[in-house]
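Colleague:
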Amino acid sequence: MECRGLTNRSKASRVDSDHHLHPYTSIRQVENDGPLVITKGERVRIFDESGRSFIEGMSGLWCAGLGFSEKRLADAAYRQMLELPYYHSFNGRVPRIVTELVEEMMAWSPVPMERLLFANSGSESNDAAYKIVHYYNNAIGRPEKKKFIARDKGYHGTTAAASALSGIMAGKTLFDLPIGAIIRVSCPHFYQYAHPRETPQSYSDRLIDEIEQAIAREGPETIAAFIAEPVIGGGGVMIPPPDYFPRVQEILKKNDILFIADEVISGFGRLGEPFGTQVFDLKPDIITVAKMLSSAYAPISALYLNERICAGLRKGSDKVGYFGHGYTYSGHPMAAAVALETLRIYRADGIMDHVRRVGPHLQAGLRRFVSHPLVGEVRGIGLIGAIELAEDPAQRKPFPPEKGVGAFFLRRAFDRGLILRAIQGDILAFSPPLIINEEEIDEILDITAAVLDETLDWVRG
Ligand SMILES: Cc1ncc(COP(=O)(O)O)c(C=O)c1O
Numbered sequence: 262m263e264c265r266g267l268t269n270r271s272k273a274s275r276v277d278s279d280h281h282l283h284p285y286t287s288i289r290q291v292e293n294d295g296p297l298v299i300t301k302g303e304r305v306r307i308f309d310e311s312g313r314s315f316i317e318g319m320s321g322l323w324c325a326g327l328g329f330s331e332k333r334l335a336d337a338a339y340r341q342m343l344e345l346p347y348y349h350s351f352n353g354r355v356p357r358i359v360t361e362l363v364e365e366m367m368a369w370s371p372v373p374m375e376r377l378l379f380a381n382s383g384s385e386s387n388d389a390a391y392k393i394v395h396y397y398n399n400a401i402g403r404p405e406k407k408k409f410i411a412r413d414k415g416y417h418g419t420t421a422a423a424s425a426l427s428g429i430m431a432g433k434t435l436f437d438l439p440i441g442a443i444i445r446v447s448c449p450h451f452y453q454y455a456h457p458r459e460t461p462q463s464y465s466d467r468l469i470d471e472i473e474q475a476i477a478r479e480g481p482e483t484i485a486a487f488i489a490e491p492v493i494g495g496g497g498v499m500i501p502p503p504d505y506f507p508r509v510q511e512i513l514k515k516n517d518i519l520f521i522a523d524e525v526i527s528g529f530g531r532l533g534e535p536f537g538t539q540v541f542d543l544k545p546d547i548i549t550v551a552k553m554l555s556s557a558y559a560p561i562s563a564l565y566l567n568e569r570i571c572a573g574l575r576k577g578s579d580k581v582g583y584f585g586h587g588y589t590y591s592g593h594p595m596a597a598a599v600a601l602e603t604l605r606i607y608r609a610d611g612i613m614d615h616v617r618r619v620g621p622h623l624q625a626g627l628r629r630f631v632s633h634p635l636v637g638e639v640r641g642i643g644l645i646g647a648i649e650l651a652e653d654p655a656q657r658k659p660f661p662p663e664k665g666v667g668a669f670f671l672r673r674a675f676d677r678g679l680i681l682r683a684i685q686g687d688i689l690a691f692s693p694p695l696i697i698n699e700e701e702i703d704e705i706l707d708i709t710a711a712v713l714d715e716t717l718d719w720v721r722g
């Protein structure tokens, strides 16, 4: 909540700061300053209660793909609420709208998959993946195969298991996590983590070697699954080297380790293809999706499960009597209607092609800043990108965190009407709504250019 600027606090702001516990927010900061109260949205913009408008350069939390005023989604929700506001999928029942969503989602599947399991958030989908991998191995008679390989800076959510899988400490400290047996390996990010003399090739070799050594140390018979975002999002927008996933997948195959692709951010268009699985030629056993599945207009997430996993689950179900997992709101009809309409809009409006067209405009615009004295690296793909600030770009040396350079940038960008996010302090993340056009991208880039210069003046003080 570093960017606010409210002086006269409204009633909404006062009530909220006294009684609402905000996710991923300093409690003291909201108590002192109050929240930014958002009242409406229009395309790629949101408005606060004083009427100020902001371009949402992050689509909220990497999620509002169709922006903030898509009436067709509101209509779909309303129609479904009138027809059948709630029913569940327990005990072999199903709301009809869910069957339509299943058919549509199967048509989008980037690799052959057998079934979908629904949940309500990205965290829940990864939590379910964690449970399903255990269930699967128990059901097929390999109870010792239980450990997960997960990466530093990976973000998989905040349920207990999803937090444990995540490699970001802020979500674990004081919570007594991790649970389960998690083998932590490095994230692929040459700029920050390559040693001074390493080439991209020798850096990649080291990452692969680390995974191979971890498997040899723990014993492949104890390792169940590897989980990865195709592009690490919340950990810092990290694009893997081209040979990373091919080599990782070879190792997984050799050691019979399942692959969970966390496509909660990348699923449905963010990277310029419908899925990261297509961008990086992945062969996952489980794909988790959320966010852009409904363009964030309704809470819904899902797991794509392949034939092999489903065969194991069937065995478990035969043994126990049923598949003992699910939520009251798994496949909620209103959320399903919104997701179905979202996917239909993606098709009807050619949103995937649109991202292919405008993504390069954002990427080229961001790369303009490579030579700026504050910029260490610019990276991105499709409609996701990052500018990593550095005290000494040539040496890839970051600013000391206490200097708060990223926070300063965010505040000034906010003052000029642009909302972005700073990760690990000084990685500026960009993830605008998929519907953004070139003029709106230029607005983001122009504000970024001005604020980079302003930040440079402040740093040089
Ligand atoms: C890659 C990834 N996985 C999982 C999650 C968790 O999703 P949710 O916040 O919907 O629980 C997120 C959230 O940002 C994410 O980026």
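Mapping of the sequence shown onto this note's numbering: residues 262 to 722, in sequence order.
Ideal placement from N, C-alpha and C gives every residue a C-beta, glycine not left out.
1. How big is the Cα-Cα spacing for residue 332 and residue 303?
2. Excluding the five sequence neighbours on either side, which residues of its own chain have a C-beta within less than 6 Å of the C-beta of residue 620, listed in chain order?
3. Can you check the region 406-482 for any alpha helix (DSSP H) of at least 4 residues that lies completely inside it and give the ranges in chain order?
4. Excluding the five sequence neighbours on either side, which residues of its own chain have a C-beta within less than 7 Å of the C-beta of residue 633, listed in chain order?
5. To the nearest angstrom, how far is it from the Cα of residue 492 to the Cα of residue 442?
6. Kindly list the residues whose CB is nearer than 7 Å to the CB of residue 401, restricted to its own chain and excluding five residues on each side of it in sequence; keep chain order.
7. From which residue to which residue does the beta strand (DSSP E) around residue 489 run?
8. Going by CA-CA distance only, name the one from 445, 562, 430, 286 that's closest to residue 377.
9. Hey, is residue 532 close to ligand 1, as in C-beta under 7 Å from one of its heavy atoms?
10. Do three or more CB pairs link the region 351-366 to the region 610-628 at distances below 8 Å?
11. Cα separation between residue 305 and residue 606?
12. Can you tell me whether DSSP reads residue 294 as helix, strand or coil?
13. When you compare the CB positions of residue 526 and residue 546, do they come within less than 8 Å of one another, or not?
14. Rounded to the nearest angstrom, what separates residue 485 and residue 717 at their Cα positions?
15. From the DSSP output, which residues share a beta bridge with residue 499?
16. Buried or exposed: residue 276, going by 16 or more other Cβ atoms within 10 Å of its Cβ?
17. Should the region 592-612 be regarded as contacting the region 552-560, the criterion being three or more beta carbon pairs within less than 8 Å?
18. Check whether the region 414-432 touches the region 383-400, taking contact to mean three or more Cβ pairs, one atom from each stretch, closer than 8 Å.
Modeller: Taking the coordinates as given:
1. Residue 332 and residue 303: Cα-Cα distance of roughly 11 Å.
2. So the qualifying residues of the chain are 533, 643, 644.
3. Here the runs fully enclosed are 421-426, 451-454, 461-479.
4. Non-local beta-carbon contacts of residue 633 in its own chain, meaning distances under 7 Å to residues more than five positions away in sequence, involve 713 in chain order.
5. Straight-line spacing of the CA atoms in residue 492 and residue 442 works out to 24 Å.
6. 573, 576.
7. Its beta strand (DSSP E) spans residues 484-489.
8. Per the C-alpha coordinates, the member of 445, 562, 430, 286 positioned closest to residue 377 is 562.
9. Set against 7 Å, the gap from the CB of residue 532 to the closest heavy atom of ligand 1 is not smaller.
10. In this structure the region 351-366 does not lie against the region 610-628, because fewer than three pairs of beta carbons, one per stretch, are closer than 8 Å.
11. Per the coordinates, the alpha-carbon of residue 305 lies some 16 Å from the alpha-carbon of residue 606.
12. Helix, per DSSP.
13. Contact: no.
14. Straight-line Cα distance between these residues: approximately 48 Å.
15. The partner list for residue 499 (beta bridge, DSSP) reads 493.
16. With fewer than 16 Cβ atoms within 10 Å of its Cβ, residue 276 is classed as exposed.
17. Three or more pairs of CB atoms, one per stretch, sit closer than 8 Å, so the region 592-612 contacts the region 552-560.
18. Contact holds: three or more Cβ-Cβ distances are below 8 Å.
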